Amino acid sequence: MPWLGVLVHVHDDPDVESAELAARLSGGDREALAEMYRRWSPLVHTIALRALGTREDAEDVVQQVFVAAWRGRATLRPDRGSPAAWLVGITKHRVADVRAERYRAHRNLQAVASEVATAPDAAGDSDWAERLLLVHELERMGDPRATVLRMAFIEDRTHEDIARALDLPLGTVKSHVRRGLMALRDRLKEVERVSPE
Amino acid sequence: MSHPSDDELVDLALGEPTGDVSAHVAQCAACSSAVTDLRRTVRLVSNPGPYAGWQAPDDAVWTRVAAQLDTAEDAIPEAPDASGTAPAAPSAPVVRLDRPGRRRTAAWAAALVAASLVVGLLTGRAIWGTTEGGQVAQVALATLDTRRTEGEATLVRAASGLDLQVSTDTALDAGDGYLEVWLINADGKRMVSVGVLRPGEPGSFPVTQALIDQGYVVVDISKEQFDDKPAHSGDSLLRGQLPA
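In order, the protein sequences belong to chains A and B. FYI, in our numbering the residues of the first sequence are 376 to 572. FYI, in our numbering the residues of the second sequence are 102 to 345.
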């Protein structure tokens, strides 16, 4: 099974590029960090913006994430997962820090009555990072797999319906759904693996 | 029954009829956890929220990242320890910089910067005070990516105050824009524009001691466009941190 993964990735250009970028970063190449910033700062920024609501805080998080990425480059495993998921993992921790800070500041300043409204949200929107990472992964995933997954999960269409619409054998559609879902599941796992500093 | 295949677990997670697979998963912690993960993935991918396109951060954010790394990691060896004795300090940058993966020239250049900085930290403001007129601090300006030295910045005490003199080895390409000189704060968050540099000509800009004392010590030359944005474009050509 791991073998199969390697073979698939060899033909999957975005993944090969990402792995090279990860290897260069962990080797101490500053230009690799700049390239990662060009590619993924919109992802990091959008997550932070959704979670925190203000541009100033979101941009602070972006700054912290890429500084942390450089300092923590030894923890990036080029052979295990994508830099995007790794950055999203770091982003989650930074966003949580800002929320905790806000909560403390607020608690110090305000009456107990209004605390509840701004207490860090334990569930609900804490999935922003994961949801947006999956949007990003679908965007960079090649077709027809990306289209198959969109139709299956976002448009909620049956496999038979998708097979007819895309003129693909039903087995091919099922295979794309299975492989695609497992790939997305792996990305979410990679986010979880990133530990707070 | 042995563990079901990944495909079978996906089918189960998607609610397809699977017969004895679900019977196994019901009593197998590993497979049950795998199905839970797959179902969570389905839930998250099915509901991207009110997603309305990516929003890039302001260009200046990258400048702040680069400045913070330049000041915090490559130049400042360790936070100066108030209780420590002075002679112990110089050994710190050697340890930090001598790590695998760095290009030798970059490490060497960084060590030079770090060494001069340590001297600055140890002697403190004495360096500033003892010099009456003339050069008080100098730094090589290097490209951000390859760290090639292509210019220098010198802080000179003039009759009227401090001047920051900036020169480049060759004329920098401003494209259809212009070159702007900045002082970035060592905290990586604040910066001030000190003036416009003509390509191929040295420039001299009045600055204040207060600015330097507040930590605006990173000299940065950026390429700017003729737009309505007064902020840093994020396109830095050369940079260097003044010692102390």
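For glycine and all other residues, C-beta sits at the position ideal for the given N, C-alpha and C. The structure displayed is predicted, hence computed values, not measured ones.
- Query: Quick one, which residues of the region 450-483 of chain A are near chain B if we go by CB-CB under 9 angstroms, in chain order?
  - Reply: Answer set for the region 450-483 of chain A: empty.
- Task: Note the first and the last residue of the continuous alpha helix (DSSP H) segment covering A/D435.
- Result: Segment R430 to R446, the alpha helix (DSSP H) holding A/D435.
- Task: Could you tell me the distance, in whole angstroms, from the CA atom of A/G403 to the CA atom of A/E514?
- Result: Distance between the alpha carbons of A/G403 and A/E514: 29 angstroms.
- Task: List the residues of chain A whose Cβ lies closer than 7 angstroms to the Cβ of B/S147, in chain order.
- Result: Taking a Cβ-Cβ cut-off of 7 angstroms, the neighbours of B/S147 in chain A comprise F528 and I529, given in sequence order.
- Do B/L113 and B/V146 have their CB atoms nearer than 7 angstroms? When the beta-carbon positions are compared, B/L113 and B/V146 stay at least 7 angstroms from each other.
- Taking C-alpha atoms, which residue in A/S393, A/R425, A/Y478 and A/D561 lies nearest to A/A407? For the residues A/S393, A/R425, A/Y478 and A/D561, the minimum Cα distance to A/A407 belongs to A/S393.
- Item | Cα-Cα separation between A/A424 and B/V122, rounded to whole angstroms | Note that residue 424 of chain A is Leu in the sequence shown, not Ala. Rounded to whole angstroms, A/L424 to B/V122 spans 42 angstroms at the Cα level.
- Got a sec, what are the start and stop residues for the alpha helix (DSSP H) B/S147 sits in? Per DSSP, B/S147 is one residue of the alpha helix (DSSP H) stretching across A130 to S147.
- Query: Is the beta carbon of B/V318 sitting closer than 7 angstroms to the one on B/L343?
  - Reply: The Cβ atoms of B/V318 and B/L343 sit closer than 7 angstroms to each other.
- Are B/L298 and B/V282 close, meaning C-beta to C-beta below 7 angstroms? It is a contact, given that the beta carbons lie within the stated cut-off.
- Query: Helix, strand or coil: how does DSSP classify B/E164 here?
  - Reply: The identity of residue 164 of chain B in the sequence shown is Thr, whereas the question assumes Glu. Assigned with DSSP and collapsed to three states, B/T164 falls in helix.
- Query: Could one say the Cβ of B/P331 lies closer than 7 angstroms to chain A's Cβ atoms, at least one of them?
  - Reply: With respect to chain A, the C-beta atom of B/P331 has no partner C-beta closer than 7 angstroms.
- Query: From what residue to what residue does the beta strand (DSSP E) around B/K330 run?
  - Reply: For B/K330, no beta strand (DSSP E) encloses it, and the DSSP letter there is neither H nor E.
- Query: When you compare only the Cα positions, how much space is there between A/V432 and A/R477?
  - Reply: According to the sequence provided, residue 432 of chain A is Asp. The question's Val does not apply to it. Spanning the two alpha carbons is a distance of roughly 11 angstroms.
- If I'm right that B/A272 touches B/P300 with Cβ under 8 angstroms, what's the distance once you round it to whole angstroms? With a Cβ gap of about 4 angstroms, B/A272 and B/P300 count as contacting.
- Query: Thinking just about the alpha-carbon of each residue, which of B/T172, B/D246 and B/L280 is nearest to the one in B/K290?
  - Reply: For B/K290, the closest C-alpha among the options B/T172, B/D246 and B/L280 is that of B/T172.
- Message: Using CA atoms only, rank isn't needed, just tell me which of B/A127, B/E109, B/V295 and B/D160 is closest to A/K549.
- Response: Among B/A127, B/E109, B/V295 and B/D160, the Cα nearest to that of A/K549 belongs to B/E109.
- Kindly indicate which three-state DSSP category B/T255 falls into: helix, strand or coil? In the three-state scheme derived from DSSP, where H, G and I count as helix and E and B as strand, B/T255 is classed as strand.
- Query: At which residues does the alpha helix (DSSP H) containing A/M557 begin and terminate?
  - Reply: In the DSSP assignment, A/M557 falls within the alpha helix (DSSP H) that extends over L545 to R568.
- Beta-carbon of B/P105 versus every beta-carbon of chain A: anything under 7 angstroms? Contact of B/P105 with chain A is not assigned, every C-beta pair being separated by 7 angstroms or more.
- Got a sec: is the Cβ-Cβ distance from A/R414 to anything in chain B below 7 angstroms? Answer no: the Cβ-Cβ gap between A/R414 and chain B never drops below 7 angstroms.
- Apart from the five residues just before and just after B/H125, which ones in its own chain have a Cβ nearer than 8 angstroms to its Cβ? Apart from sequence neighbours up to five positions away, the residues of its chain that approach B/H125 with a beta-carbon distance below 8 angstroms are M102, H104, P105 and C132, ordered along the chain.
- Nearest to A/L418 (by Cα), restricted to the options B/P149, B/A157 and B/T142: Of B/P149, B/A157 and B/T142, the residue nearest in Cα terms is B/A157.
- What does A/P417 touch in chain B if you count any residue whose Cβ is under 8 angstroms from its own? In chain order, W155, Q156, A157 and P158 make up the part of chain B whose C-beta sits under 8 angstroms from the C-beta of A/P417.
- Item | Pick from B/G278, B/L245 and B/Q315 that is closest to B/D329, judged by C-alpha positions | Each of B/G278, B/L245 and B/Q315 was checked against the Cα of B/D329, and the nearest Cα belongs to B/G278.
- Query: In terms of DSSP beta bridges, what is B/Y279 paired with?
  - Reply: The partner list for B/Y279 (beta bridge, DSSP) reads B/E325.
- Are the CB atoms of B/I285 and B/A168 nearer to each other than 7 angstroms? Yes. Within cutoff.
- Query: Would you say A/V440 and A/T466 are within 7 angstroms of each other, going by their C-beta atoms?
  - Reply: Yes, the pair counts as a contact, with Cβ atoms nearer than the cut-off.
- Can you find a CB in chain B that lies within less than 7 angstroms of the CB of A/V522? First, the amino acid is wrong: residue 522 of chain A is Thr here, not Val. Closer than 7 angstroms to the CB of A/T522 there is not a single CB belonging to chain B.
- Applying a beta-carbon distance threshold of less than 7 angstroms, which residues of chain B neighbour A/E505? L145, listed in chain order.
- How would you label B/L134, buried or exposed, when you count the other beta carbons within 10 angstroms and need 16 or more for buried? The sequence given here has Ser at residue 134 of chain B, not Leu. Exposed, by the Cβ-count rule.
- Task: Can you tell me the Cβ-Cβ gap for B/A238 and B/A345, rounded? I've got them flagged as a contact below 8 angstroms.
- Result: The beta-carbon distance between B/A238 and B/A345, rounded to whole angstroms, is 7 angstroms. This is short enough to meet the 8 angstroms contact definition.
- Between the Cα of A/V510 and the Cα atoms of A/H551, A/H534, A/W415 and A/W445, which residue gives the shortest distance? Selected option, being the one with the closest Cα: A/W415.
- Consider the Cβ of B/D171: report whether some Cβ of chain A lies at a distance smaller than 7 angstroms. No, no contact with chain A.
- Query: How many angstroms separate the CA atom of A/R532 from the CA atom of A/S570?
  - Reply: Spanning the two alpha carbons is a distance of roughly 37 angstroms.
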